[in-house]
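Residue numbering for the sequence shown follows UniProt numbering, beginning at 1 and increasing consecutively.
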Amino acid sequence: MSGPIQTSKQAPNQAPWFDKAEALRLAFFFAVVGFACLLWICVPRVVSWQQQKVVVALAQRAESEQAGVAQKAIRDLGKLGRPAIAELTRLASSQQVPSAGAAQKQLSLLLAHWEMLSEEELATEESAAGIVELGDSLAAHSHQLGPAGKRWAERLTLRLLEQVAELPPHLAAKLLRACDQTLVAIPPQGPREGSFVTEVPPLENVAVPLKSPGIDVSLLADQSVDKAPLRFREPQAAFLPAPLSPSETPSELRPNSDLNWQGRTPISAAPVLEGEGSVPKGDVATSASVPKVVAIISPQQARQLLREYSSWEARELILELQQVDRYRGSIIREALQRRGYSEAELTLFGRLASPELADRQKLLELAGNLPPDSARRLLVALIDDPAPEVRLAALTAFATTGDPRVRSIAERRAKVETDERVAKLAGRLLKEER
Numbered sequence: 001m002s003g004p005i006q007t008s009k010q011a012p013n014q015a016p017w018f019d020k021a022e023a024l025r026l027a028f029f030f031a032v033v034g035f036a037c038l039l040w041i042c043v044p045r046v047v048s049w050q051q052q053k054v055v056v057a058l059a060q061r062a063e064s065e066q067a068g069v070a071q072k073a074i075r076d077l078g079k080l081g082r083p084a085i086a087e088l089t090r091l092a093s094s095q096q097v098p099s100a101g102a103a104q105k106q107l108s109l110l111l112a113h114w115e116m117l118s119e120e121e122l123a124t125e126e127s128a129a130g131i132v133e134l135g136d137s138l139a140a141h142s143h144q145l146g147p148a149g150k151r152w153a154e155r156l157t158l159r160l161l162e163q164v165a166e167l168p169p170h171l172a173a174k175l176l177r178a179c180d181q182t183l184v185a186i187p188p189q190g191p192r193e194g195s196f197v198t199e200v201p202p203l204e205n206v207a208v209p210l211k212s213p214g215i216d217v218s219l220l221a222d223q224s225v226d227k228a229p230l231r232f233r234e235p236q237a238a239f240l241p242a243p244l245s246p247s248e249t250p251s252e253l254r255p256n257s258d259l260n261w262q263g264r265t266p267i268s269a270a271p272v273l274e275g276e277g278s279v280p281k282g283d284v285a286t287s288a289s290v291p292k293v294v295a296i297i298s299p300q301q302a303r304q305l306l307r308e309y310s311s312w313e314a315r316e317l318i319l320e321l322q323q324v325d326r327y328r329g330s331i332i333r334e335a336l337q338r339r340g341y342s343e344a345e346l347t348l349f350g351r352l353a354s355p356e357l358a359d360r361q362k363l364l365e366l367a368g369n370l371p372p373d374s375a376r377r378l379l380v381a382l383i384d385d386p387a388p389e390v391r392l393a394a395l396t397a398f399a400t401t402g403d404p405r406v407r408s409i410a411e412r413r414a415k416v417e418t419d420e421r422v423a424k425l426a427g428r429l430l431k432e433e434r
């Protein structure tokens, strides 16, 4: 007889391995994770798509024949930075766009910003990739460049090559390929040594021809000389050899020391000054044969100057800005902008270097109409003005701003002040701030 049949019915008090509430919590968790992944993938693409729409719209406005509209659109493209590199390069390389020069300037400024970065900042993927993208874009449009555009592209490419040592190896290789492609497509526009001849004299200015036994002074009219005019006397032998026929032309170039190879008297293109003796032998080039060479600061020198300028007072930098060339000026502007100075402030504060007392007193009047931070910076700069009345007015106005630097500035002014009125004011401020 068989035993009782066993059923597999579960005990009523035993819970399943998960209940409905646990299932809902898991479903909510996976939904949140999936939504986050979707945002992580889609949001950058949506932002990039929106940026590209803005870039294309600005590029279309930059092709406008109205100069004001085109210039503003190109400045807006420059502010976008890396997303606008392709369109800016297309505009800069076009020979039909009137504002191509403005686009070239924006790309040069963008590269100048990257050149100012430290090695740690340049090692970031965004900055390094932007430099490589600029090189690729320039190589892609190099065949569209005109004569002026080729000179600009060559200068920009040589500056890009200086950044190779600062980039990671894989990006450096890509930049080298792009720069090589650009330089191959552009014939040499200059010496390609980091400095460029900005003015090449005509060939006839290198050796001045003499048409008669006297000196033709009109040939030297384009040379500005601040000294008293020179007095010339007639050279003893001032004539040119007769033109050579094709049969008489030598087969190779003759050195300068062999100018008398046809038996004629060697001549000089240099004028003879009174009291200077006889005419020198051989061809003498005029001062116009020396081309003007612009020295370009390397990125390493720029970073060193930027570190040096960071220890200068703001007033010293503003005054120095009025005296240096545009390369050092861009570095000083970068140092001042890191301290919060805007471009409009730098233009206004440039009057600090004015020798006219009225111009600097006008700045005191303008300080009341500036934003608080700008007004404080201007007053601090005027406290060190050469005129005691300007120093007195600036220190008085600055003491009413409630700036926490009042005590330190008054103490510094009291130590070096030579005017009795300003010294008394500085001493009174020190007592009040105690």
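Virtual Cβ for every residue (Gly too), placed ideally from N, Cα, C.
Problem - For Tyr341, the three-state DSSP class (helix, strand or coil) - result: When secondary structure is reduced to three states using DSSP, Tyr341 falls in the coil class, being assigned neither helix nor strand.
Problem - the segment 305-320 / the segment 126-134 touching (three or more Cβ pairs under 8 Å) - result: no
Exercise for the section: Establish whether the CB of Thr157 and some CB of chain B are separated by less than 8 Å. Expected result: The chain inventory of the structure shown lacks chain B, comprising one protein chain alone.
Problem - Distance between Ile186 and His143 (C-alpha atoms, nearest Å) - result: Cα-Cα distance, rounded: 8 Å.
Handout entry: Same chain, Cβ closer than 8 Å to Leu366, neighbours up to 5 away in sequence not counted
Key = Excluding positions up to five away in sequence, the list reads Leu348 and Leu378.
Problem - Residue range of the unbroken alpha helix (DSSP H) whose run includes Glu316 - result: Ala314 to Leu321
Exercise for the section: Determine the DSSP secondary structure at residue 442, reduced to helix, strand or coil. Expected result: Residue 442 lies beyond the range of the chain shown here (1 to 434); nothing can be said about it.
Handout entry: Where Pro299 falls, given that 16 or more other Cβ within 10 Å makes a residue buried
Key = buried
Problem - Ala302 beta carbon less than 8 Å from that of Ile331 - result: yes
Exercise for the section: Out of Arg421, Glu420, Val416 and Val406, point me to the one whose CA is closest to Lys431's CA. Expected result: Val406
Exercise for the section: Kindly indicate the opening and closing residues of the alpha helix (DSSP H) around Thr418. Expected result: Unbroken run through Thr418: none, as it is neither H nor E.
Handout entry: Which of helix, strand or coil DSSP assigns to Glu63
Key = coil
Problem - Under 8 Å between C-beta atoms of Leu382 and Leu370 - result: No; because the gap between Cβ atoms is not below 8 Å, this pair is not in contact.
Exercise for the section: Could you check which residue in Ser342, Gly340, Ala387 and Glu334 has the C-alpha nearest to that of Glu356? Expected result: Ala387
Problem - Segments assigned beta strand (DSSP E), at least 3 residues, entirely inside the segment 141-196 - result: none
Practice task
Might you give, ordered along the chain, the residues of its own chain that have their beta carbon closer than 6 Å to the beta carbon of Ala393, omitting 5 neighbours on each side?
Solution key: Closer than 6 Å at Cβ, skipping near neighbours: Leu364.
Problem - Environment of Glu420 [buried if 16+ CB atoms lie within 10 Å] - result: exposed
Practice task
Could you tell me how far apart the beta carbons of Ala92 and Leu107 are, in whole angstroms, since I believe they sit closer than 8 Å?
Solution key: So it is a contact: roughly 6 Å between Cβ atoms.
Practice task
Compute the Euclidean distance between the alpha carbons of Val416 and Glu389, then round it to the nearest angstrom.
Solution key: 16 Å
Problem - Inter-residue spacing [alpha-carbon to alpha-carbon] between Glu166 and Ile131 - result: 11 Å
Exercise for the section: Check each candidate in Ser94, Gly78, Ser354 and Ala375 and name the one with the smallest Cα separation from Glu63. Expected result: Residue Ser94 is the option with its Cα nearest to Glu63.
Exercise for the section: Measure the CB-CB distance between Leu176 and Thr157 and report whether it falls below 8 Å. Expected result: no
Exercise for the section: May I ask you to report which of helix, strand or coil DSSP gives Asp359? Expected result: helix
Practice task
May I ask whether a heavy atom of the ligand MN can be found less than 7 Å away from the beta carbon of Leu176?
Solution key: The ligand MN is not part of the structure shown, which contains no ligands of any sort.
Problem - Nearest residue (CA-CA) to residue 465, options Gly368, Gly78 and Gln163 - result: Because residue 465 is not part of the residues shown, which for the chain are 1 to 434, the question remains open.
Handout entry: Sequence-distant residues of its chain with Cβ nearer than 8 Å to Asp136 (five each side left out)
Key = Lys174 and Ala178
Problem - CB contact flag (Ala73, Leu58, <8 Å) - result: yes
Exercise for the section: Please look up how many angstroms separate the CB atoms of Leu336 and Leu317, rounded, as I've assumed it's under 8 Å. Expected result: 6 Å
Practice task
Using the Cα positions of Val324 and Leu429, report the straight-line distance between them to the nearest angstrom.
Solution key: 37 Å
Practice task
Might you give, ordered along the chain, the residues of its own chain that have their beta carbon closer than 8 Å to the beta carbon of Gly329, omitting 5 neighbours on each side?
Solution key: The answer, listed in chain order, is Leu321.
Problem - Euclidean distance between Cα positions of Ala102 and Trp152 - result: 12 Å
Problem - Helix, strand or coil at Leu379 according to DSSP, with G and I counted as helix - result: Three-state result, Leu379: helix.
Problem - Given Ala140 as reference, the closest of Gly402, Leu117, Thr418 and Gln181 once Cα atoms are compared - result: Gln181
Handout entry: Contact check, Gln71 vs Ser99, beta carbons under 8 Å
Key = yes
Problem - Enclosing alpha helix (DSSP H) for Ser93 [first to last residue] - result: Ile85 to Ser93
Practice task
Rank Thr401, Gly402, Asp403 and Ala423 by C-alpha distance to the C-alpha of Glu411 and give the top, closest one.
Solution key: Ala423
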